[in-house]
Amino acid sequence: MANNFYKKYFIIFLIVAVIVVFNNYLAANLLPNFFYKIIKTPGIFLTDNLLEFSKYISRFLKTKAVIKENSKLREENNILLGRLAELDSLRRENNFLRDELKVARRLDLPLLLAQIFNIQRGALSSTALINKGVKDGVEEKMPVITAGNILVGVVGQVLDDSAVVLLLDDPRVKISGRVLGSRTLVETSGGLHNNVGLNLVTNSDEIKENETIVSSGLDGLHEALLIAEVTKVESSANALFKKVSARQLFDPSLGSSLFVVLK
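In terms of our numbering, the sequence shown is residues 9 to 271.
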């Protein structure tokens, strides 16, 4: 029994000794090289891919951070733009109210501040809708002006809380006017697209391009309201009247605030 025990361990020792001698002296470290070759390629593959994956994750996180920062900056920029728009609106409204005081003193008339909320220009008409109506004392044929004493048009229709203003280039609007600084009288006639025709200008009347047309007051409208600027003058020796075109001075792009002149 004891001999078998020692024999077993002797065989194991002998096998180990043979493997060591074979590996160190006969096979030139075959076993380590064998195991190294087995794990070398997968190790390199894993190392390279883990490094590339790490770089990808890093770029992804940086890109996500940049996108988040850009989104935040855009949001802050929009907030600033909104505040600037509010400040600009307040500045323009303050300037407009100062002009209102000047106009009121000059005309010595009660003025009602109103806002345009829609402009309608068609093939046959040119109108603006304002946010004041019967409840505010607005009546038909009341003149509507803007800062600088510029005539916008006349009230054509009145509802409870709103009114339709016929703009100067509406064909239904005719205003008695005169050339500023002279006695030459004209009658304006709406020609659409901001154009105003000047009628009843005889060949003997003095009128030139770039001259300003104002209301004469002969038709009951308030005098000296700015209407239009002459853009073209044509005359013929055989014609009794000159053909004169003008452009209305009212520019809705400058603001939506205006005044109704209460009678």
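Beta carbons: idealized from backbone N, C-alpha and C, even for Gly.
Discussion item. Helix, strand or coil for R255? Go by DSSP, reduced to three states.
Written reply: On the sequence shown, residue 255 is found 247 positions in, with the first residue counted as 1. R255: strand per DSSP, three-state reduction.
Worksheet entry | P118 - partner residues in DSSP beta bridges | Start at 1 with the first residue of the sequence shown, and residue 118 comes out as number 110. In the DSSP assignment, P118 is bridged to no other residue.
Worksheet item: From N207 to D177, what does the alpha carbon distance come to, in whole angstroms?
Response: The residue you call residue 207 lines up with position 199 of the sequence shown. The residue you call residue 177 lines up with position 169 of the sequence shown. Distance between the alpha carbons of N207 and D177 is about 14 Å.
Worksheet item: Is V74 buried or exposed, if buried means 16 or more other CB atoms sit within 10 Å of its CB?
Response: For the purposes of this step, residue 74 is taken as the residue at position 66 of the sequence shown. Around the C-beta of V74, fewer than 16 other C-beta atoms lie within 10 Å, and the residue is accordingly described as exposed.
Item to complete: Check A35 in the structure and name its three-state DSSP category.
Response: Position 27 of the sequence shown holds residue 35. Reliability of the predicted coordinates at A35 is poor, the pLDDT of 49 falling under 50, and no value is obtained from them.
Fill in: Beta-carbon separation (whole angstroms), S134 vs G205, contact threshold 8 Å
By 1-based counting over the sequence shown, the position of residue 134 is 126. By 1-based counting over the sequence shown, the position of residue 205 is 197. Actually they are not in contact, since the Cβ atoms of S134 and G205 sit about 13 Å apart, beyond 8 Å.
Worksheet item: Considering only residues of the same chain and omitting the five flanking positions on each side of V187, which have a CB-CB separation below 6 Å?
Response: Position 179 of the sequence shown, counted from the first residue, corresponds to residue 187. The beta carbon of V187 sits closer than 6 Å to the beta carbons of I215, E219 from its chain, once the five residues preceding and following it are set aside; these are given in chain order.
Item to complete: Drop a sphere of 10 angstroms on the beta-carbon of I183, count the other beta-carbons inside from all chains shown, and report buried for 16 or more, exposed for fewer.
Response: In the sequence shown, residue 183 corresponds to position 175, counting from 1. Burial of I183 is indicated by the presence of at least 16 other C-beta atoms within 10 angstroms of its C-beta.
Worksheet item: Distance, Cα to Cα, A155 vs F267?
Response: Here residue 155 refers to the residue found at position 147 of the sequence shown. Here residue 267 refers to the residue found at position 259 of the sequence shown. Taking the straight line from one Cα to the other gives about 8 Å.
Fill in: Close Cβ partners of K149 (< 7 Å) along its chain, the five nearest in sequence each way excluded
Stepping through the sequence shown from its first residue, residue 149 is reached at position 141. For K149, where only same-chain residues beyond five positions count, the Cβ hits under 7 Å are V162, V163.
Worksheet item: Is DSSP giving E242 helix, strand or coil here?
Response: As a working mapping, residue 242 is identified with position 234 in the sequence shown. Correct three-state label for E242: strand.
Fill in: Beta-carbon proximity list for N202, same chain, < 6 Å, skipping 5 on both sides
Residue numbering aside, residue 202 sits at position 194 when the sequence shown is read from its first letter. Cβ neighbours of N202 beyond the five flanking positions: D177, R255, Q256.
Worksheet item: Going by C-alpha distance, which of L200, L167, L175, Q123 is nearest L132?
Response: Residue 132 sits at position 124 when you count from the first residue of the sequence shown. Looking at L200, L167, L175, Q123, the one whose alpha-carbon comes closest to that of L132 is L200.
Worksheet item: Looking only at its own chain, which residues have a Cβ that is under 7 Å from the Cβ of V171, when we skip the five neighbours before and after it?
Response: As a first step, residue 171 must be located in the sequence shown, where it is residue number 163. Checking the sequence shown, residue 171 turns out to be Ala, not Val. If we look at A171 and ignore the five residues flanking it on each side, its Cβ neighbours are I138, K140, G141, V146, V163, Q165.
Worksheet item: Based on the DSSP secondary-structure assignment, which residues constitute the bridge partners of N203?
Response: Here residue 203 corresponds to residue number 195 of the sequence shown, with the count starting at 1. Under DSSP, the beta-bridge partners assigned to N203 are R255.
Fill in: Helix, strand or coil at A155 [DSSP, three-state]
The residue you call residue 155 lines up with position 147 of the sequence shown. Of the three classes helix, strand and coil, the one that applies to A155 here is coil, per DSSP.
Worksheet item: In or out: L34 buried (at least 16 other Cβ within 10 Å) or exposed?
Response: The sequence position of residue 34 within the sequence shown is 26, counting from 1. Model confidence at L34 stands at a pLDDT of 49, short of 50, so the residue's coordinates are unreliable; what they give is reported in the following sentence. With fewer than 16 Cβ atoms within 10 Å of its Cβ, L34 is classed as exposed.
Item to complete: Quickly, what does DSSP pair G198 with across the bridge? List them, please.
Response: By one-based count along the sequence shown, residue 198 stands at place 190. Looking at the DSSP assignment, G198 forms a beta bridge with V204.
Fill in: Nearest-angstrom Cα separation, counted from L233 out to E211
Working through the sequence shown from its first residue, we reach residue 211 at position 203. Working through the sequence shown from its first residue, we reach residue 233 at position 225. The residue you asked about is not Glu; residue 211 is Asn in the sequence shown. Using only the alpha carbons, I get a separation of about 25 Å.
Item to complete: Assuming G258 contacts I158 (C-beta within less than 8 Å), just tell me the rounded distance between them.
Response: Looking up residue 258 in the sequence shown gives position 250. Looking up residue 158 in the sequence shown gives position 150. Sequence inspection shows Phe at residue 258; the Gly mentioned does not correspond to that position. F258 to I158, Cβ: 5 Å. Contact.
Practice prompt. Taking G145 as part of the beta strand (DSSP E), name the residues at either end of that continuous run.
Written response: Counting from one through the sequence shown, the residue named residue 145 turns up at place 137. In the DSSP assignment, G145 falls outside any beta strand (DSSP E) and carries neither an H nor an E.
Practice prompt. Would you mind reading off the limits of the beta strand (DSSP E) that contains F267?
Written response: Residue 267 sits at position 259 when you count from the first residue of the sequence shown. Annotation: the continuous beta strand (DSSP E) that includes F267 extends over 265-269.
Worksheet item: Taking C-alpha atoms, which residue in S197, L81, L270 lies nearest to I235?
Response: Residue 235 sits at position 227 when you count from the first residue of the sequence shown. Of the candidates S197, L81, L270, the one whose C-alpha sits nearest the C-alpha of I235 is S197.
Item to complete: Would you list the residues sitting across from S223 in a DSSP beta bridge?
Response: Position 215 of the sequence shown holds residue 223. Beta-bridge pairing links S223 to G185.
Item to complete: Kindly indicate which three-state DSSP category V209 falls into: helix, strand or coil?
Response: To locate residue 209, count along the sequence shown from 1; it is residue 201. Coil at V209, not helix or strand.
Item to complete: Would you kindly report the start and end of the unbroken beta strand (DSSP E) that includes I138?
Response: Along the sequence shown, read from residue 1 onward, the residue named residue 138 stands at position 130. In the DSSP assignment, I138 falls within the unbroken beta strand (DSSP E) covering 134-138.
Worksheet entry | Close Cβ partners of E231 (< 7 Å) along its chain, the five nearest in sequence each way excluded | The sequence position of residue 231 within the sequence shown is 223, counting from 1. Excluding positions up to five away in sequence, the list reads S223, S224, G225.
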